[in-house]
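K.L.:
In my numbering, the protein residues as written are 1 to 285.
Below you can see the structure in the form of C-alpha cells.
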C-alpha cells in the first residue's frame, strides 16, 4: 500500500499501468481521473462501472475507490486540495460551482462527462496540459493554470446540468430549474424566500410548495436547509474559514443563529464538529 501527498493547490500526473497499486484512503485532496486509453472497472463506494477511453470520474477524500485494470491503461490524474478553494484560483462564483462538484459527484457512479460536446473539449485540454508541461515554453505555467480551471468548470457544468441532486432523468424540466435556482442563490437569503422563488417561476406560493414536494419528496424549506448544511460541513471539513466568515457568507444573522441551525441538525456546534474532525484525523495519521 502507498499513500499520496499534495503540496500545492493542484498537481497532475500521467501514468501508464497494467496494475493499479493499492492506495490507502486519502483524506487530503480531490482527484479527477481521466482515461486516455485502456479499459477496466472502477469501484467507488458501493458502485461499480466499466471504464474506457475518454471517461472521467471524481474521487473525493471520503470515497473508497478501487480501479481494476483489464487492459493497459494510461491515466491522467488531476488532484486539487482545499488550498485551491482558499486561493484566488477561481472567481467566487466558480468556486461555488466547484463546491457543487465536491458535494454531489461522489454520489453518482460512472463517467461524469454526460455532454458529448464537453467530452470532446476535455481531451484536447488535457493533451494541452501534458504538452505544455513537457515543452516548458513561454507562459507554460499560466496556460496550464487556465486549462486546469477550464476543465474543472466543464466538469461542474456537466454535474449541475445533468445530475441535479434529488432529481432523476425522468423529472420535469421546471423542477430541475428550481433546484438550479436554489443552488445558485444559496448565498442570498432574500432570493430563497418562497415568495421570491414563486415570483421568479411564475407560480403561486402554495402551488410551488406542492409542486416541489411532489417531485423531490421533501419540502422546499427542507431541501434548502439541507443544501446549506452540506456547504457548512464542507467548509468545516475542507477549509480553515472562521465561524464568523461562514456566518457572513451563508447569510446567517449572527454566530448564534448559525450555531442553532447547525446543532439542531448535527447535534453539536460547528466548532465542536470541526474539533471532532481534527481529532479523528490526528488518530488516523
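The beta carbon of each residue, even a glycine, is placed where N, CA and C say it ideally should be. Since the structure is predicted, the reported quantities are computational estimates derived from the model, not experimental observations.
#1: Since residue 16 and residue 72 are thought to touch, with beta carbons under 8 Å apart, how far apart are those beta carbons, to the nearest angstrom?
#2: Which whole-angstrom value describes the C-beta separation of residue 203 and residue 112, a residue pair presumed to lie in contact below a C-beta threshold of 8 Å?
#3: Between 251, 14, 258, 265, which lies nearest to residue 131 when the distance is taken from Cα to Cα?
#4: Going straight from the alpha carbon of residue 44 to that of residue 280, what length do you get?
#5: Is the Cβ-Cβ distance between residue 129 and residue 12 less than 8 Å?
#6: Does residue 186 come out as helix, strand or coil in the three-state DSSP assignment?
#7: In whole angstroms, what is the alpha-carbon distance linking residue 177 and residue 65?
#8: In the DSSP assignment, the beta strand (DSSP E) including residue 56 goes from what residue to what residue?
#9: For residue 278, tell me which candidate among 240, 257, 119, 251 has the shortest Cα-Cα distance.
#10: Starting from residue 261, trace the beta strand (DSSP E) both ways and give me its first and last residue.
#11: Assign residue 133 to one of three DSSP states: helix, strand, or coil.
#12: Under the three-state reduction of DSSP, which class applies to residue 13: helix, strand or coil?
P.N.:
Taking the coordinates as given:
#1: Residue numbering aside, residue 16 sits at position 16 when the chain shown is read from its first letter. Residue numbering aside, residue 72 sits at position 72 when the chain shown is read from its first letter. Going by Cβ atoms, the distance from residue 16 to residue 72 rounds to 6 Å, so yes, they are a contact pair.
#2: On the chain shown, residue 203 is found 203 positions in, with the first residue counted as 1. On the chain shown, residue 112 is found 112 positions in, with the first residue counted as 1. Contact annotation, residue 203 with residue 112: C-beta distance approximately 32 Å; criterion of less than 8 Å not satisfied.
#3: As a working note, residue 131 is residue 131 in the chain shown. When only C-alpha atoms are compared, the closest one is 14.
#4: On the chain shown, residue 44 is found 44 positions in, with the first residue counted as 1. On the chain shown, residue 280 is found 280 positions in, with the first residue counted as 1. If you take the alpha carbons of residue 44 and residue 280, they lie about 23 Å apart.
#5: The count along the chain shown starts at 1 and reaches residue 129 at position 129. The count along the chain shown starts at 1 and reaches residue 12 at position 12. Contact: yes.
#6: Position 186 of the chain shown, counted from the start, is the residue given in the question as residue 186. Coil at residue 186, not helix or strand.
#7: As a first step, residue 177 must be located in the chain shown, where it is residue number 177. As a first step, residue 65 must be located in the chain shown, where it is residue number 65. Cα-Cα distance, rounded: 32 Å.
#8: Locating residue 56 in the chain shown gives position 56, where the first residue counts as 1. It spans 56-59 - the beta strand (DSSP E) in which residue 56 sits, taken as one unbroken run.
#9: Numbered from 1 along the chain shown, position 278 holds the residue referred to as residue 278. Nearest to residue 278 by C-alpha distance, out of 240, 257, 119, 251, is 240.
#10: Locating residue 261 in the chain shown gives position 261, where the first residue counts as 1. Unbroken run through residue 261 is the alpha helix (DSSP H), 255-266; no beta strand (DSSP E).
#11: The sequence position of residue 133 within the chain shown is 133, counting from 1. Reduced to three states, the DSSP call for residue 133 is helix.
#12: Here the question's residue 13 lines up with position 13 in the chain shown. The answer is strand: DSSP assigns residue 13 an E or B state.
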